[in-house]
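Read the structure below first, then the notes.
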Amino acid sequence: MTNRILFIIMLVAGLTAPLFAYPVFVMDLLCFALFACAFNLLLGYAGLLSFGHAAFFGGAAYITGYVTKEWGFTPLLGILAGAGFAMVLGAAFGFLAIRRQGIYFAMVTLALAQIIYFLALQMPFTGGENGLQGIPRGHLFGLIDLNNSLAMYYFVFVIFLIGFGIIYRTINSPFGEVLQAIRENESRALSLGYDVDHFKLLAFVISATLAGLAGATKAIIFQFAALTNAHWQTSGEVILMTLVGGLGTVFGPVVGAITVGALSHELSAFGSWVQVILGTIFVVCVMVFRRGIIGEIQRLASRKQG
Amino acid sequence: MSIQVILAQALLGLNVGVFYAMLSLGLAVIFGLLNIINFAHGAMYMLGAFIALIGYSLLEQWFGISLQIGFWASLLVAPVIVGILGVLIERLMLKRLYELDHIYGLLLTFGITLILQGLFANYFNVSGTPYPGQPEALSGVVNLGFMYFPTYRLFAIVFSLVVCFATWWAIEHTKLGSRLRAGVENPDLTQAFGLNVPLMVTLTFAFGAGLAGLAGVLAAPIYSVSPLMGADLIIVVFAVVVIGGMGSIMGAILSGLALGLVEGLTKVFYPPAASTVIFFLMVLVLLFRPAGLFGKEK
Amino acid sequence: MPPDQRPELLRIENLHAWYGESHILHGMNLTLHEGEVITLLGRNGSGRTTTLKAILGLVGRRTGSIKIHGTEIIDMPTHRIAHVGKLGYCPEERGIFASLNVDENLELPPVVAEGGLSVDDIYTMFPNLKERRKSQGSKLSGGEQQMLAIARILRTGANLLLLDEITEGLAPVILKSLDQVIRKLREKGFTIILVEQNFRFAAPLADRHYVIEHGQVVEQIDAADLEAKKEQLNRHLSV
Amino acid sequence: MNDQAAGEQTTPSPIILETRNLQKDFKGFTAINNVNVKVETGSIHALIGPNGAGKTTFFNLLTQFLKPSSGQIIYDGQDITHSRPAGIAQRGMIRSFQISAVFPHLSARENVRIALQRTLGVSYQFWRSMRVLDQLNEEAQATLELVELGSFADTKAVELPYGQKRALEIATTIALKPRLMLLDEPTQGMSSEDVGTVTDLIRRVVEGRTIVMVEHNLNVVSTLADTITVLNRGEVLAEGDYDTVSTNPAVMEAYMGTTDAA
Amino acid sequence: ELTDGKLKIGVLSDMSGVYKALEGPGAVIAAKMAIEDFGGSVLGQPVEVISADHQNKPDIGASTAREWIDAEEVDMITALDNSSVALSVQGLANDKKVITMNTGAGTTALTEEQCTPYGIHYVYDTHALPVGTATAMVKNGGKSWFFITADYAFGHSLRDNTGAVVESLGGEVVGNVNAPLSTNDFSSYLLQAQSSGADVIGLANAGQDTVNAIKQANQFRIVQSGQKLAGMLVFITDVHSMGLDIAQGLQFTTAFVWNQNDETRAWSERFFERHGAMPTMVHAGVYSAVTNYLKAVKETGTDDSDTVRAKLGEMTLNDMFVKDGSILPNGTMLHDMYLVEVKKPEESESEWDLLRVVSKIPADQAFIPLSESKCSLVN
Ligand SMILES: Nc1ncnc2c1ncn2[C@@H]1O[C@H](COP(=O)(O)OP(=O)(O)OP(=O)(O)O)[C@@H](O)[C@H]1O
Ligand SMILES: Nc1ncnc2c1ncn2[C@@H]1O[C@H](COP(=O)(O)OP(=O)(O)OP(=O)(O)O)[C@@H](O)[C@H]1O
Ligand SMILES: [Mg+2]
Ligand SMILES: [Mg+2]
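Protein chains in written order, with the numbering used here: chain B, 1 to 306; chain Z, 1 to 298; chain S, 1 to 239; chain W, 1 to 262; chain E, 1 to 379.
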């Protein structure tokens, strides 16, 4: 019920956003929202804390940038290539990390992501510290000029909706049900005949792919693939976004990404105070506001009903 | 490449290694015994360095107190102040999170890190302020035959090693370690046995924090004091703790030293990988020894 | 000296206890004299475990009065109760620390009074444990964990023992030796509260039985009256 | 070993599970030593023995939660010594745990449904709606009724009292329609009337399946078990029906702790 | 007339990192001083300044610039003190037809391979820097060089150009090691340089990195053991923070010395009052760039980028920073540079009296001549 209302709000807000906000900025938020949703699928629903998701986000951006710039891929194909790369990378990471649990899992993903960061810094095609610049936005289906920021915006919005839809469906699927069971009691799920590792791996790959989708899209929007996106702080940021919005809620990551993104943007004039303010918000969230924004709303709503 | 060069670089590696060891030790105490992932450990290290800096050169300017806290005094004052901060953080905040997923502790300390870094970045140059208070007695160089090595760096190496091994001894040769682990695993029952778990936890946290502060003071004369000096370091130190094996005090110390060496030598043979080699090793270690080099399989 | 003329050790009056919102104990009253062994009987979920936990301050909230040797402990923090009351607790889920080995588990609880058993005594009593002394708590068999849970409070010198379902999962051969252990402890003057499903085990050991239903004492039966009241007891314990 | 039993029946019962020289060492400690056990199809086979004898370890080996150090496990004519745990469950060999194992934050119905869902073959389909699972509700309810949990279908497992948690666990296990059920101390921690319920339950569900159980409660063992294997220090001490085993002096000494008959 | 009714200048700089002291907040002050000195308005409209921190990250720089151009309608962007950032912003601004007047970045790529019709390179580049310094050092016997290079566009460009100068004078480059931007411990790299036995250790980095490297070289007695350090890009703020004890005798190339003459001194003292430190060449450059940009707008009567850029190309620039300067089609601002030496402590008369001019490097020698330019706009 709440979800339906929220979905309508999100749809309307998304469709009208370019009217009252700077489109590129909203597109950036959408990318982070999708990224956070993908991350949430893993942490909120499979109970796996990945501290290396920036590798998929940033890695996909490089691939998309490279294939569109150097091989002349169309933007759509380029984005798919980026997401596809994230999928493969996700499978590899997953294969190595899934066998570990809890904090070890987080650490392995972090270590693997640092290695990707290293490659991004050292490989010739990424441009090192300079980043991969001048990625063309190109034409969608050979027709629509994406240099037009409205066209670009709605293209991004559609990508976001598709990604969001996939995640929503995954959570509410038979697969999602098994994931939850695994999170609750892993060895019991195993003894019931579920190949726990396969389920976790699939969840990991879906999450990585969609994180990659977000990063690939970002590369086209900004015409840039940069190290920042692959840095561990980006992995940290996406965790924060998810938590602020509400871990394990469908819309939480979206709201979290918008809140954190908008805050850092609005506060950027305050220099280092941004950090202080964001830090304070997180501390407050963790201490008294743990369900996150959406989680709290849902609690209030259900309390009213009940 | 001559043996001298390798030796010189190894010594520099050891220099880095003692800082890894000290930080990962503090982290391992908090992380391994209390199960708290203290992301703010890097910020506490930074804080230690700033306390030394402020104590030495800014007290008068800031607070109008004509008092100078020299380097030696800082070695005591800074860990105590950082330890008190640790007590506050633990008592006022972390304490309420123990029943929840560990991720909340991580997030809280992440937030605290942002606050601390941000605060200092407002007043100090991000790229660093030199610490002027290096004691005269340690300012020379020692001729080691194959190189000139700054006396202070030698002092830092020896001092850190002493602190690390003393801590290890204290934890392993008292019941403290097992009591803490029990207190974390099942605090209710441990208290029912008559152990004051909250106090133990607070003091341990404060101690770990104090170690970070101490490392910060030691680092100040070598590196410039900067609000971000702990930011990237913390990630590396996490890796060191994992490689050493969570919960293993000796593991944290030894792997800190060893990885400092490895990193130092990588800087010679393939400099670009120096900042990443530890993560490669971490992946390898976790693949073949999931519990870390010194960790016990759970 | 007949048990109820000995000095009073524990007096619980009008004890209420809650887990979060749920109100579990509804005014318990219970008295225990030094050297007595009593059992708390009742069906699953009647609140026996909760009674023990309430004594130790391990419930969400508790009101009423609990006095040990005349000292009110209702407002005391948990970690002081063990020392003040010289008591040892063996929880129903055993509470073996997975991250500690057998030796460490055994030596964990601090000594609260003189006169506890030495580690060697304990290993003589439980030879199985001796063999496994370097094993991680999590790797012990169910029964080994149970033995360890009992063993470790015998070391502390506590003389008031709260034992929750200690016979669960033990082979008859171990039960026999456990029976001996309890008897010995009783002779030595320990005061014991036994929470037991295994009535056959508990009945011959206890001086008195309290029957608990819905968080209240509904019946108190002296050992001597047990035969006479058997029927009543059965009514309480089964449907 | 089962010659006698086989001789009494018109057709020799096939053996559903067999271990050959099974062995498990933990760092210099042998928990299971050269164990040969055969379990007949359709029987209730109890495993008893003093604490630490290796019963749970034996279960863990059967279900591949632990890898055997040596020896073989033959299930249904096939060597499963090196299969994956999930694979074994998929072949119809399901276990319950000594320490209660449910999905605490799922309702009783969902707990059972998770088990039923596996046979539906949709578990990897992340693109399907969860509504495909509604077809299982009826069967889930029926299974819950079987263990007298019908009225608790919507209760979260964590909120169930202990005895009912065990019942739920058994319901989940049955839902998989196992051919071979491994129950580790199913009555542990239950009051006498719950023990009765569970004993009845086991008797009821054994129709058409085989059960291997670890149990300390000799009442339960004597009423339920067709065959009993006694383990001691990782080795088979005795085997046979209750009367044979309970009068075996070695068993009496090692397990009952007496020399007179139980 | 102004297309959008106002003129906005963006100062995009490193406000918090390694380059904060040499450009950063001081650049905003310099830009504001230029506007005030110009009268605060042009063509009847007020001139605004906005500023932001690019954090030395090219993506952050580019997205800030994009937002400035799209949403704030910024007409000119200056500072850009990081070569990676400058390249990305110049590229983006070119797409959007906005003038950039880079005062802080060094790489010659800005006016060579990646030159644009709207990009102007104002203060110094990695060709101008070594011309004076490296020439002087090689001539004094520093034949073999080992580089410690900041691992990004600027460092690489500086190392390559310096290497080329060294080799053209008959010297040789015996080794190189790349150190990440904002390294706080150079000791390992310094020891590698030491063991290479090179005569000169060339520091192809800037700002705090250079300061740290020089200080640590001092700790390890590298200069005392006979090797020379060559700071390829040193600012007066760096010298100030190192102190004369450590820095004395260091030679380097600069475009501006604050106490060179009365005009520079007068401006610098005004700047000092507002900023608390004497201006670097980059601060002075920002002032000059903004002033000349406003002049061009005023004279052409429009903020149209093509017109203004054409006008800038025609003007001869003269102010306290530059004498007879001109802007080439590839964007290079041609002007004289100076080889300076850090004074000995006893020579210094005041806290900021730190440098002595050794020689002047004429504009035509300092910068790449148009005839050799690789810029596609030139040929
Ligand atoms: N942590 C808890 N939170 C909420 N309710 C609880 C908790 N622990 C126990 N309860 C409830 O309190 C009631 C009494 O439980 P208690 O454990 O005291 O029963 P018991 O008599 O010891 O029975 P058992 O034989 O099951 O151990 C039960 O209804 C149980 O569901
Ligand atoms: N992972 C392990 N590592 C080392 N030793 C182990 C491990 N698991 C079990 N053991 C040991 O193997 C022996 C057999 O254990 P097991 O759990 O099989 O006993 P059990 O027969 O089930 O006993 P109980 O009736 O007490 O549950 C025990 O002594 C136990 O300590
Ligand atoms: Mg109980
Ligand atoms: Mg067992």
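For each residue, glycine too, the CB sits at the ideal point set by N, CA and C. Predicted model only: the values in this text are computed from it and were never measured.
- Using a threshold of 7 Å, is the CB atom of Lys176(S) nearer than that to any non-hydrogen atom of ligand 2? Residue 176(S) sits at position 176 when you count from the first residue of the third sequence. Checking the Cβ of Lys176(S) against ligand 2 gives no.
- Residue from Gln220(S), Pro204(S), Ile24(S), Glu114(S) whose Cα sits closest to the Cα of Leu178(S): Within the third sequence, numbered from 1, the residue matching residue 178(S) stands at position 178. If we check each option's Cα against that of Leu178(S), Pro204(S) comes out closest.
- Message: Can you confirm whether Val283(Z), when its beta carbon is compared against all beta carbons of chain D, has any partner nearer than 8 Å?
- Response: Reference to chain D is not applicable here, since the protein chains of this structure are B, Z, S, W and E.
- Close-in-space but distant-in-sequence residues of the same chain around Pro104(W) (CB under 6 Å, 5 per side omitted): Stepping through the fourth sequence from its first residue, residue 104(W) is reached at position 104. Hits under 6 Å: Ala157, Val158.
- Mapping DSSP to helix, strand and coil, what is Phe224(B)? Numbered from its first residue, the first sequence carries residue 224(B) at position 224. Phe224(B) falls in the strand class under three-state DSSP.
- What residues match up with Cys90(S) in a beta bridge as DSSP calls it? For the purposes of this step, residue 90(S) is taken as the residue at position 90 of the third sequence. Leu163(S).
- Task: Identify, in the order they occur along the chain, each residue of the same chain with its Cβ nearer than 7 Å to the Cβ of Ala54(B), setting aside the five sequence neighbours on each side.
- Result: Counted from its first residue, the first sequence places residue 54(B) at position 54. These residues qualify, in order along the chain: Ala113, Asn229, Ala230, His231, Trp232, Thr234, Ser235.
- Query: Of all the residues that make up the segment 53-81 of chain E, which are near chain B by a beta-carbon distance shorter than 8 Å?
  - Reply: For the segment 53-81 of chain E, residues whose beta-carbon sits nearer than 8 Å to a beta-carbon of chain B comprise Asp53, Lys57, Pro58, Asp59, Ile60, Ala62, Ser63, Arg66, Glu67, Asp70, Ala71.
- Message: Here's the rule: buried if 16 or more other CB atoms are within 10 angstroms of the residue's CB, otherwise exposed. What is Asn140(E)?
- Response: As a position in the fifth sequence, residue 140(E) is number 140, starting the count at 1. Result: exposed.
- Item | Check your reading: residues with Cβ closer than 6 Å to ligand 1 heavy atoms | Every residue with a CB closer than 6 Å to a heavy atom of ligand 1 is listed here in chain order: Tyr19(S), Ser22(S), Ile24(S), Gly42(S), Asn44(S), Gly45(S), Ser46(S), Gly47(S), Arg48(S), Thr49(S), Thr50(S), Glu92(S), Pro161(W), Tyr162(W).
- chain W contact for Ala187(B) (CB, 8 Å cutoff): The residue given as residue 187(B) occupies position 187 in the first sequence. Before going on, a small fix: residue 187(B) reads as Ser here, not Ala. Yes, contact with chain W.
- Three CB pairs or more closer than 8 Å across the segment 79-95 of chain S and the segment 174-181 of chain Z: no
- Less than 7 Å between the CB of Ser135(S) and some heavy atom of ligand 2, yes or no? Locating residue 135(S) in the third sequence gives position 135, where the first residue counts as 1. Ser135(S): yes, Cβ under 7 Å from ligand 2.
- Starting from Leu170(S), find everything on chain W with Cβ-Cβ shorter than 7 Å and list it in chain order. As a working mapping, residue 170(S) is identified with position 170 in the third sequence. Residues of chain W passing the Cβ test: Asn51, His216.
- Identify the residues that DSSP records as bridge partners of His26(S): which are they? Locating residue 26(S) in the third sequence gives position 26, where the first residue counts as 1. According to DSSP, His26(S) bridges with His16(S).
- Counting pairs of Cβ atoms below 8 Å between the segment 172-186 of chain S and the segment 9-22 of chain S, do you hit three or more? no
- Asn184(E) Cβ short of 7 Å to ligand 2 heavy atom set: The count along the fifth sequence starts at 1 and reaches residue 184(E) at position 184. Not under cutoff, so the answer is no.
- Task: Report the residue from Thr116(E), Leu169(E), Arg221(E), Lys143(E) whose alpha carbon sits nearest the alpha carbon of Met147(Z).
- Result: Residue numbering aside, residue 147(Z) sits at position 147 when the second sequence is read from its first letter. When each option's Cα is compared against that of Met147(Z), the closest is Arg221(E).
- Task: Could you say if the segment 135-142 of chain S and the segment 99-113 of chain S meet the contact criterion of at least three C-beta pairs nearer than 8 Å?
- Result: yes
- Message: Rounding to the nearest angstrom, what Cα-Cα distance links Thr74(B) and Ala93(E) in this structure?
- Response: Translated into the one-based positions of the first sequence, residue 74(B) becomes position 74. Translated into the one-based positions of the fifth sequence, residue 93(E) becomes position 93. Cα-Cα distance, rounded: 24 Å.
- Report yes or no: is there a C-beta of chain Z within less than 8 Å of the C-beta of Val286(B)? To locate residue 286(B), count along the first sequence from 1; it is residue 286. Judged by the 8 Å Cβ criterion, Val286(B) is in contact with chain Z.
- Query: Is the beta carbon of Gly49(W) within less than 7 Å of some heavy atom of ligand 2?
  - Reply: Counting from 1 along the fourth sequence, the entry for residue 49(W) is found at position 49. Distance from the C-beta of Gly49(W) to the nearest heavy atom of ligand 2 is below 7 Å.
- Task: Report yes if the C-beta distance between Gln9(Z) and Ser188(E) is below 8 Å; otherwise report no.
- Result: Locating residue 9(Z) in the second sequence gives position 9, counting from the first residue. Locating residue 188(E) in the fifth sequence gives position 188, counting from the first residue. Yes.
- Query: Tell me which same chain residues have a C-beta within less than 7 Å of the C-beta of Arg235(S), skipping the five on either side of it?
  - Reply: The residue labelled residue 235(S) in the question sits at position 235 within the third sequence. Once the five neighbours on either side are set aside, Arg235(S) has no close Cβ partner at all.
- Query: First and last residue of the beta strand (DSSP E) that includes Ala230(B)?
  - Reply: One-based indexing of the first sequence puts residue 230(B) at position 230. Ala230(B) -> no beta strand (DSSP E), and no H or E assigned at all.
- Using the Cα positions of Thr56(W) and Leu182(W), report the straight-line distance between them to the nearest angstrom. The residue given as residue 56(W) occupies position 56 in the fourth sequence. The residue given as residue 182(W) occupies position 182 in the fourth sequence. In a straight line, the C-alpha of Thr56(W) is about 10 Å away from that of Leu182(W).
- Query: So, are the CB atoms of Val255(B) and Asn3(B) less than 8 Å apart?
  - Reply: By one-based count along the first sequence, residue 255(B) stands at place 255. By one-based count along the first sequence, residue 3(B) stands at place 3. No, these two residues do not count as a Cβ contact at 8 Å.
- Query: Beta-carbon of Arg289(Z) versus every beta-carbon of chain S: anything under 8 Å?
  - Reply: The residue labelled residue 289(Z) in the question sits at position 289 within the second sequence. No, Arg289(Z) does not count as interfacial toward chain S.
- Message: For a quick check, are the C-beta atoms of Leu33(Z) and Val184(Z) less than 8 Å apart?
- Response: Looking up residue 33(Z) in the second sequence gives position 33. Looking up residue 184(Z) in the second sequence gives position 184. Going by C-beta atoms, Leu33(Z) is nearer than 8 Å to Val184(Z).
- Message: I want to see whether chain B comes within less than 8 Å of Phe269(Z), judged by CB atoms only; does it?
- Response: Within the second sequence, residue 269(Z) is the residue found at index 269, counting from 1. False, the Cβ-Cβ gap to chain B never drops below 8 Å.
- Query: Of the choices Met256(W), Val35(W), Arg109(W), Leu61(W), whose alpha-carbon is the least far from that of Lys165(W)?
  - Reply: If you number the fourth sequence from 1, residue 165(W) lands on position 165. Ranking Met256(W), Val35(W), Arg109(W), Leu61(W) by Cα distance to Lys165(W) puts Arg109(W) first.
- Item | chain B contacts from the segment 117-133 of chain W (Cβ-Cβ distance under 8 Å) | Gln117, Arg118, Leu120, Val122, Ser123, Tyr124, Gln125, Phe126, Trp127, Arg128, Ser129, Met130, Val132, Leu133
- Test: Arg84(W) CB closer than 8 Å to a CB of chain B: Against the fourth sequence, residue 84(W) aligns to sequence position 84. It does: the Cβ of Arg84(W) has a partner Cβ on chain B nearer than 8 Å.
- Item | Segment contact flag, the segment 21-30 of chain W with the segment 63-70 of chain W, C-beta cutoff 8 Å, min 3 pairs | Short answer: they touch.
- Task: Have a look at Asp134(W) and Trp127(W) and give me their C-alpha separation to the nearest angstrom.
- Result: Mapped onto the fourth sequence, residue 134(W) falls at position 134. Mapped onto the fourth sequence, residue 127(W) falls at position 127. Cα to Cα, the separation comes out at about 16 Å.
- Going by the CB atoms, is the gap between Leu106(Z) and Ile37(Z) shorter than 8 Å? Counting from 1 along the second sequence, the entry for residue 37(Z) is found at position 37. Counting from 1 along the second sequence, the entry for residue 106(Z) is found at position 106. For the 8 Å CB-CB criterion, Ile37(Z) and Leu106(Z) form a contact.
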